[in-house]
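What follows is a short report on a single structure.
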Amino acid sequence: MIGAIIESWCFEDIVRLSGYRNVVSTNYPPTALIHDGASDEKVTTDGVAAYYISQSGLSLQDVERAQQLLERLYALGDWAAGEIVERHRRDQERHDSGYYELKPRLTVPQMLVRRFVKKDPGSSLVSISVGTSMPVASFGSDRRRTLPRRHSC
Numbered sequence: 004m005i006g007a008i009i010e011s012w013c014f015e016d017i018v019r020l021s022g023y024r025n026v027v028s029t030n031y032p033p034t035a036l037i038h039d040g041a042s043d044e045k046v047t048t049d050g051v052a053a054y055y056i057s058q059s060g061l062s063l064q065d066v067e068r069a070q071q072l073l074e075r076l077y078a079l080g081d082w083a084a085g086e087i088v089e090r091h092r093r094d095q096e097r098h099d100s101g102y103y104e105l106k107p108r109l110t111v112p113q114m115l116v117r118r119f120v121k122k123d124p125g126s127s128l129v130s131i132s133v134g135t136s137m138p139v140a141s142f143g144s145d146r147r148r149t150l151p152r153r154h155s156c
């Protein structure tokens, strides 16, 4: 049940204070209405949702409170909050796993050569050059060298 409205938060303020990256733009951003009732509820009027968030369990610190509001908006089914929360979780997981410290992936030319050699093992540099439409000079100085064959089990 919805209780008396204590405060109102606009979506842009919630995102800004949360410290999360805003990855969405919406024509009708949600509004979080903090109330003194027992549960969170979503009320849709004329296609625009209003979210009534219970004050119970919310932090008094603005940053933590904004993060909790985003989580609760997401739990109530708000798409924009969900996108922001999930992006934050993904970024945090990548940070924790060391993803951003990995060496760079292959460049496009390297990937083309790799695919060609995988499809046609033992290719010469000239045949790779023709097959990938890249000049032989971009592969190295030894033009006659044949790449070793790999045996698959």
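To get the working numbering, take the position in the sequence shown, counting from 1, and add 3.
Positions of the beta carbon are idealized from the N, C-alpha and C atoms, including for glycine.
Discussion item. Within 10 Å of its beta-carbon, does residue 42 have 16 or more other beta-carbons around it, so buried, or fewer, so exposed?
Written reply: exposed
Worksheet entry | Pairwise C-alpha distance: residue 33 and residue 20 | Straight-line Cα distance between these residues: approximately 15 Å.
Fill in: Given residue 17 as reference, the closest of 5, 63 and 73 once Cα atoms are compared
73
Worksheet entry | Given residue 44 as reference, the closest of 28, 27, 102 and 78 once Cα atoms are compared | 78
Item to complete: State the Cα-Cα distance for the pair residue 65 and residue 102, rounded to the nearest angstrom.
Response: Answer to the nearest angstrom: the Cα atoms are 30 Å apart.
Fill in: Pick from 121, 4, 7 and 81 that is closest to residue 31, judged by C-alpha positions
81
Practice prompt. Drop a sphere of 10 angstroms on the beta-carbon of residue 98, count the other beta-carbons inside from all chains shown, and report buried for 16 or more, exposed for fewer.
Written response: Result: exposed.
Worksheet item: Do residue 126 and residue 134 come within 9 Å of each other at the CB atom, strictly closer than that value?
Response: yes
Worksheet item: Contact check, residue 69 vs residue 14 under 8 Å by CB: the rounded distance?
Response: Rounded, the Cβ-Cβ distance is 10 Å, inconsistent with contact.
Fill in: Neighbourhood of residue 95 by C-beta, 8 Å cutoff - its chain only, sequence neighbours within 5 removed
When the five nearest sequence neighbours on each side are left out, no beta carbon in the same chain lies closer than 8 Å to the beta carbon of residue 95.
Worksheet entry | Extent of the continuous beta strand (DSSP E) to which residue 57 belongs | 51-57
Worksheet item: In the DSSP assignment, what residue or residues form a beta bridge with residue 35?
Response: Paired residue(s): 12 and 54.
Item to complete: Go through the stretch 82-109 residue by residue and report every complete run of the alpha helix (DSSP H) that reaches 4 residues or more, in order.
Response: 82-100
Worksheet item: With which residues is residue 46 paired in a DSSP beta bridge?
Response: BP columns for residue 46 point to 53.
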